[in-house]
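**Student:** Here the protein sequences line up with chains A and B, keeping their order.
Residues in the first sequence are numbered from 1 upward in steps of one, following the working numbering.
Residues in the second sequence are numbered from 1 upward in steps of one, following the working numbering.
All C-beta atoms, glycine included, are put in the ideal place defined by N, C-alpha and C.
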Amino acid sequence: MSKYVLAINPGSTSTKVAVFEADKLIYEKSIDHAREQLDSFKTITDQYELRKNFILEWLNEINVNINELSAIVGRGGLLRPMPGGTYVVSEPMIQDLKIGYQGEHASNLGGVIAQAIAEMADVKGYIVDPVAVDEFDDVARISGMPEIVRKSLGHALNIKAVGHSVALELGKHFDEVNLIIAHLGGGISVAPVRKGRILDYNNANEMGPFSPERTGGLPVGELINLCYSGKYTYSEMKTKLRGKGGLTAYLGTNDAREVEKMVISGDNYAKLVFEAMSYQIAKEIGAMATVLNGEIDAIVLTAGMAHSKFVTEFVTSMVEFIAPVILRPGGNEMAALNAGVQRVLKGKEEAKIYENEVKLN
Amino acid sequence: MNEVYRVLAINPGSTSTKIAVFDNEDLVFERVLRHTYDEIGKYKTICHQFAFRENVITESVKEAGVELKTLSAIVGRGGLLKPITGGTYSVNGRMLEDLKVGLSGEHASNLGGILAYEIASELNIPSFIVDPVVVDEMNDIARISGMPDIERKSIFHALNQKAIGRKAAHDLGKPYRGSNLVVVHLGGGISVGAHEDGRIIDVNNGLDGEGPFTPERTGGLPTGDLVRLCYSGKYTLNEMKKKVVGQGGLVAYLNTNDGREVSKMVKEGDERAELVYKAMAYQVAKEIGSCATVLKGKVDAIVLTGGIAYDEMFTGWIKERVSFIAQVLIYPGEDEMIALAEGALRVLSGEEEAKIYL
Numbered sequence: 001m002s003k004y005v006l007a008i009n010p011g012s013t014s015t016k017v018a019v020f021e022a023d024k025l026i027y028e029k030s031i032d033h034a035r036e037q038l039d040s041f042k043t044i045t046d047q048y049e050l051r052k053n054f055i056l057e058w059l060n061e062i063n064v065n066i067n068e069l070s071a072i073v074g075r076g077g078l079l080r081p082m083p084g085g086t087y088v089v090s091e092p093m094i095q096d097l098k099i100g101y102q103g104e105h106a107s108n109l110g111g112v113i114a115q116a117i118a119e120m121a122d123v124k125g126y127i128v129d130p131v132a133v134d135e136f137d138d139v140a141r142i143s144g145m146p147e148i149v150r151k152s153l154g155h156a157l158n159i160k161a162v163g164h165s166v167a168l169e170l171g172k173h174f175d176e177v178n179l180i181i182a183h184l185g186g187g188i189s190v191a192p193v194r195k196g197r198i199l200d201y202n203n204a205n206e207m208g209p210f211s212p213e214r215t216g217g218l219p220v221g222e223l224i225n226l227c228y229s230g231k232y233t234y235s236e237m238k239t240k241l242r243g244k245g246g247l248t249a250y251l252g253t254n255d256a257r258e259v260e261k262m263v264i265s266g267d268n269y270a271k272l273v274f275e276a277m278s279y280q281i282a283k284e285i286g287a288m289a290t291v292l293n294g295e296i297d298a299i300v301l302t303a304g305m306a307h308s309k310f311v312t313e314f315v316t317s318m319v320e321f322i323a324p325v326i327l328r329p330g331g332n333e334m335a336a337l338n339a340g341v342q343r344v345l346k347g348k349e350e351a352k353i354y355e356n357e358v359k360l361n
Numbered sequence: 001m002n003e004v005y006r007v008l009a010i011n012p013g014s015t016s017t018k019i020a021v022f023d024n025e026d027l028v029f030e031r032v033l034r035h036t037y038d039e040i041g042k043y044k045t046i047c048h049q050f051a052f053r054e055n056v057i058t059e060s061v062k063e064a065g066v067e068l069k070t071l072s073a074i075v076g077r078g079g080l081l082k083p084i085t086g087g088t089y090s091v092n093g094r095m096l097e098d099l100k101v102g103l104s105g106e107h108a109s110n111l112g113g114i115l116a117y118e119i120a121s122e123l124n125i126p127s128f129i130v131d132p133v134v135v136d137e138m139n140d141i142a143r144i145s146g147m148p149d150i151e152r153k154s155i156f157h158a159l160n161q162k163a164i165g166r167k168a169a170h171d172l173g174k175p176y177r178g179s180n181l182v183v184v185h186l187g188g189g190i191s192v193g194a195h196e197d198g199r200i201i202d203v204n205n206g207l208d209g210e211g212p213f214t215p216e217r218t219g220g221l222p223t224g225d226l227v228r229l230c231y232s233g234k235y236t237l238n239e240m241k242k243k244v245v246g247q248g249g250l251v252a253y254l255n256t257n258d259g260r261e262v263s264k265m266v267k268e269g270d271e272r273a274e275l276v277y278k279a280m281a282y283q284v285a286k287e288i289g290s291c292a293t294v295l296k297g298k299v300d301a302i303v304l305t306g307g308i309a310y311d312e313m314f315t316g317w318i319k320e321r322v323s324f325i326a327q328v329l330i331y332p333g334e335d336e337m338i339a340l341a342e343g344a345l346r347v348l349s350g351e352e353e354a355k356i357y358l
């Protein structure tokens with residue numbers, strides 16, 4: 001009897017897999033791939049067979065028969081800009097995933113592998129809220145310099161999953177509430193969400209608050225000076241912005257728990273920096289509140305740093321005048337993928353069809 | 001009974017000097033003295049122009065029928081001094097030195113304090129500067145950017161921000177020092193300041209690249225895309241700087257830096273102009289929202305000022321988005337001369353003590 005949902009989330013050097021029964025996680029594993037093995041393929045798409053076989057082997061190991069699967073869901077990839085939701089994998093989608101419409105990325109494999117296993121099991125393959133989700137109003141796309149368009153890039157999967165569950169808690173449907181959802185991870189996304197639609201983002205953390213590893217927005221004039229100073233190559237500058245920015249640059253660690261310990265042990269500099277990050281998060285939430293004209297049911301803090309009492313209390317003190325603050329620490333992509341499919345399987349939502357939602361030509 | 005103080009205000013620009021005389025808040029006369037390039041181009045530095053400008057000023061005051069000896073004080077636009085807290089400062093030796101050296105850069109406004117002092121000392125009356133560009137009351141937490149190489153700085157329209165902040169507080173029936181305001185200067189540059197009890201504890205660097213885009217500046221930009229442009233080899237440093245300040249914002253999208261012009265295009269049905277102009281209002285509103293959190297939502301009023309605040313369509317778009325925070329007050333335009341005079345008058349009348357530049 002088919003009762004399980006298989007979720008597949010390919011990362012650059014691993015593939016995370018999980019089996020769910022309704023909302024309950026039954027099995028989970030992160031399959032690590034040897035670098036040399038992956039490097040032997042020309043493109044990421046070519047890794048498809050290898051990763052698929054690992055997953056089938058794992059299903060064998062845990063004694064899950066392919067006929068016990070009622071649906072397969074993969075992490076969506078860099079498709080065309082599209083509205084959020086749960087999508088049934090279709091041929092035009094597969095084509096865009098294989099070419100990497102907006103770039104090569106391991107997550108492109110999610111939908112492709114899901115579909116392949118789904119065909120074996122004679123069920124449907126899905127993807128949920130991929131990185132390519134774009135629901136911006138046009139007004140949010142204008143940056144101030146025509147060469148640069150503000151982009152809808154953020155943690156859509158977790159943000160939407162958390163939005164659905166918070167709405168439920170408020171006794172409403174996701175498309176009946178207005179929320180500001182701040183995903184506080186290694187990168188930070190702050191999204192104003194109106195009736196289920198993400199209207200704006202701090203642009204993949206290229207704007208807004210600094211985070212454990214990213215600088216967020218910076219004063220433009222001085223950034224330009226640094227770029228032209230001759231001190232840094234292009235790739236060094238990029239690393240300074242992403243990877244080596246934010247907490248890492250000031251305090252030598254990207255681990256917020258570590259920083260919180262430094263603060264508790266009396267390190268005043270660490271305290272100032274940690275407060276400054278929280279301060280910038282709160283400011284971004286305030287900015288996004290105006291996108292919703294202040295009509296907001298709740299502000300939600302989610303992902304790893306929503307565990308930090310220090311961060312959440314600091315932010316809450318600055319933004320609670322806008323709306324009640326709800327904490328949803330953690331944030332699990334596997335559970336989010338499953339939740340998206342469960343909504344469809346339970347008939348709460350209809351699966352979207354890629355070619356109906358985007359312009360193919 | 002109220003005494004009448006007569007104040008001469010001096011505001012030097014790069015090719016002109018604005019002067020005005022006030023009897024208390026009443027304008028006696030105002031002149032813009034234009035200097036040709038031949039007149040000022042021969043001086044090595046801006047400070048060397050001082051004797052020339054002093055002469056032109058004193059002559060013009062006399063011509064206007066005001067006797068110099070009837071003046072109670074002279075106030076000049078402050079220059080690029082060390083970062084200082086806002087307020088009215090007596091011009092002293094240390095300040096003169098810093099203005100002459102151009103401590104934080106050469107700028108015509110450096111002459112303001114020097115001219116005020118030189119003319120005043122001959123008349124034996126006090127000289128002041130008021131809320132110069134270097135006013136810095138930012139909390140330390142606001143100085144951290146996210147990259148240790150770059151510190152957030154307090155560079156903005158301090159004089160108008162402070163003057164309008166005081167005016168709004170007055171109209172609300174509260175002392176400025178007891179008010180929380182978000183003040184928005186909407187000019188060629190746009191600054192949004194969080195005023196807490198009379199201190200501007202956070203403000204976007206409106207000069208080169210934070211906050212909303214403006215008629216000719218980009219404001220903040222996505223950093224990754226910006227860095228890519230810098231390394232693309234397509235632009236020199238100078239070209240990039242111009243793209244950000246001077247050729248950014250409205251002028252880049254619509255070929256005009258004149259808000260009135262854009263407003264007209266919108267009213268005539270130009271959809272692109274409408275989208276871009278609305279985007280500017282959208283970004284201004286977002287910056288106001290940020291400043292509101294800095295004040296933890298305890299905001300007595302949001303105050304819009306500067307030239308674009310005349311445009312009711314534009315201010316209407318902002319109001320829609322921010323009215324949930326606090327009432328919105330609008331003081332269109334900008335009057336630096338009365339702002340300077342008022343700063344001097346507060347000291348002359350004993351309402352405030354002049355600060356000492358250290």
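So, are the CB atoms of Val66(B) and Val28(B) less than 8 Å apart?
**Tutor:** Yes. Within cutoff.
**Student:** One question on the structure: do Asn205(A) and Arg150(A) come within less than 8 Å of each other, judged by their Cβ atoms?
**Tutor:** The answer is no: Cβ separation not under 8 Å.
**Student:** Determine which residues of the segment 307-339 of chain B have a Cβ less than 8 Å from any Cβ of chain A, and write them out in chain order.
**Tutor:** Within the segment 307-339 of chain B, the residues whose Cβ lies closer than 8 Å to some Cβ of chain A are Glu320, Arg321, Val322, Ser323, Phe324 and Ile325, listed in chain order.
**Student:** Does Leu153(A) come out as helix, strand or coil in the three-state DSSP assignment?
**Tutor:** The answer is coil: DSSP assigns Leu153(A) none of H, G, I, E or B.
**Student:** Kindly list the residues whose CB is nearer than 6 Å to the CB of Val358(A), restricted to its own chain and excluding five residues on each side of it in sequence; keep chain order.
**Tutor:** If we look at Val358(A) and ignore the five residues flanking it on each side, its Cβ neighbours are Arg80 and Met82.
**Student:** Taking Cβ to Cβ, would you say Asn178(A) is nearer than 8 Å to Thr302(A)?
**Tutor:** Cβ distance not < 8 Å, so Asn178(A) and Thr302(A) don't count as in contact.
**Student:** Taking only beta-carbon positions, decide if Met265(B) is within less than 8 Å of chain A.
**Tutor:** Cβ-Cβ to chain A under 8 Å: no for Met265(B).
**Student:** In terms of DSSP beta bridges, what is Ile353(A) paired with?
**Tutor:** Answer is Val88(A).
**Student:** Measure how close the beta-carbons of Val139(A) and Leu275(B) come, nearest whole angstrom, since I'm counting them as under 8 Å.
**Tutor:** That belief holds up - the Cβ atoms of Val139(A) and Leu275(B) are roughly 6 Å apart, short of 8 Å.
**Student:** Based on Cα-Cα distance, which residue from Thr70(B), Met95(B), Val75(B) and Ser72(B) lies nearest to Lys82(B)?
**Tutor:** For Lys82(B), the nearest C-alpha among the options comes from Met95(B).
**Student:** Out of Gly110(A), Asp297(A) and Ala282(A), point me to the one whose CA is closest to Ala306(A)'s CA.
**Tutor:** When each option's Cα is compared against that of Ala306(A), the closest is Ala282(A).
**Student:** Using the C-alpha atoms, what's the distance from Thr239(A) back to Ala9(B)?
**Tutor:** Taking the straight line joining both Cα atoms gives about 50 Å.
**Student:** Just the Cα atoms here: how many angstroms apart are Ile117(A) and Glu28(A)?
**Tutor:** Between Ile117(A) and Glu28(A), the C-alpha separation is close to 17 Å.
**Student:** How big is the Cα-Cα spacing for Ser127(B) and Gly294(A)?
**Tutor:** Cα to Cα, the separation comes out at about 47 Å.
**Student:** Would Gly246(A) and Gly146(B) qualify as a contact pair, given that the criterion is a beta-carbon distance under 8 Å?
**Tutor:** It is a contact, given that the beta carbons lie within the stated cut-off.
**Student:** Measure the alpha-carbon distance for Met262(A) versus Asn268(A) and round it to whole angstroms.
**Tutor:** Taking the straight line from one Cα to the other gives about 9 Å.
**Student:** Name, please, each residue of chain A whose Cβ falls closer than 8 Å to the Cβ of Pro126(B).
**Tutor:** Under the 8 Å cutoff, chain A gives no residues; its nearest Cβ is about 37 Å from Pro126(B).
**Student:** Quick one: using the 10 Å Cβ neighbour count with 16 as the cut-off for buried, is Met288(A) buried or exposed?
**Tutor:** It counts as buried.
**Student:** So, is Leu358(B) buried or exposed, given that buried needs 16 or more other C-beta atoms within 10 angstroms?
**Tutor:** So Leu358(B) ends up on the exposed side.
**Student:** Taking Thr312(A) as the query, report the chain B residues whose CB atoms sit under 7 Å from its CB, ordered along the chain.
**Tutor:** Near Thr312(A) there are no residues of chain B at all, since even the closest Cβ is about 15 Å away, more than 7 Å.
**Student:** Need the endpoints of the beta strand (DSSP E) that Ser235(A) sits in, please.
**Tutor:** From DSSP, Ser235(A) is part of no beta strand (DSSP E) but of the alpha helix (DSSP H) over Tyr234 to Leu241.
**Student:** Ala276(A): which of Glu151(B), Gly76(B) and Val284(B) sits nearest, CA to CA?
**Tutor:** Looking at the Cα atoms, Glu151(B) is the closest of the given residues.
**Student:** Identify every residue that forms a DSSP beta bridge with Arg197(A).
**Tutor:** Paired residues: Arg194(A).
**Student:** May I ask you to list the residues that DSSP assigns as paired with Thr256(B)?
**Tutor:** Thr256(B) is not bridged to any residue.
**Student:** Measure the CB-CB distance between Ser152(A) and Gly187(A) and report whether it falls below 8 Å.
**Tutor:** Not closer than 8 Å, so no.
**Student:** For Tyr228(A), name the three-state secondary structure that DSSP assigns.
**Tutor:** Correct three-state label for Tyr228(A): coil.
**Student:** Which class does Thr43(A) belong to by DSSP, given the choice of helix, strand or coil?
**Tutor:** Coil at Thr43(A), not helix or strand.
**Student:** Could you list which residues in chain A have their beta carbon closer than 7 Å to that of Met147(B), in chain order?
**Tutor:** Chain A residues near Met147(B): Thr215, Leu218, Lys240, Gly245 and Ala249.
**Student:** Name, in chain order, the residues that DSSP records as bridge partners for Gly76(B).
**Tutor:** Looking at the DSSP assignment, Gly76(B) forms a beta bridge with Ile10(B) and Ile129(B).
**Student:** Please report whether the beta-carbon of Asn293(A) lies at a distance below 8 Å from any beta-carbon of chain B.
**Tutor:** At least one chain B Cβ lies under 8 Å of Asn293(A).
**Student:** To the nearest angstrom, how far is the alpha carbon of Met1(B) from that of Ser349(B)?
**Tutor:** Interpretation of Met1(B) is limited by its pLDDT of 43, a score under 50 that renders its predicted location unreliable; no figure is taken from the coordinates.
**Student:** Output the residue ranges of the alpha helix (DSSP H) runs that lie fully inside the segment 304-335 of chain B and measure 4 residues or longer, sorted by chain position.
**Tutor:** Segments of the alpha helix (DSSP H) lying fully in the segment 304-335 of chain B: 312-322.
**Student:** Is the segment 328-339 of chain B touching the segment 159-168 of chain B in the sense that three or more CB pairs, one from each, lie closer than 8 Å?
**Tutor:** Touching, yes, given that three or more Cβ pairs across the two stretches are closer than 8 Å.
**Student:** Have a look at Ile62(A) and Ile26(A) and give me their C-alpha separation to the nearest angstrom.
**Tutor:** Between Ile62(A) and Ile26(A), the C-alpha separation is close to 10 Å.
**Student:** Give me the residue from Leu97(A), Ile198(A), Pro92(A) and Val88(A) with the minimum Cα distance to Gly77(A).
**Tutor:** The candidate whose alpha carbon is nearest that of Gly77(A) is Leu97(A).
**Student:** Round the Cβ separation of Val190(A) and Ile285(A) to the nearest angstrom and send it over; I've been treating them as touching at under 8 Å.
**Tutor:** Yes, Val190(A) and Ile285(A) are in contact; Cβ-Cβ is about 6 Å, under 8 Å.
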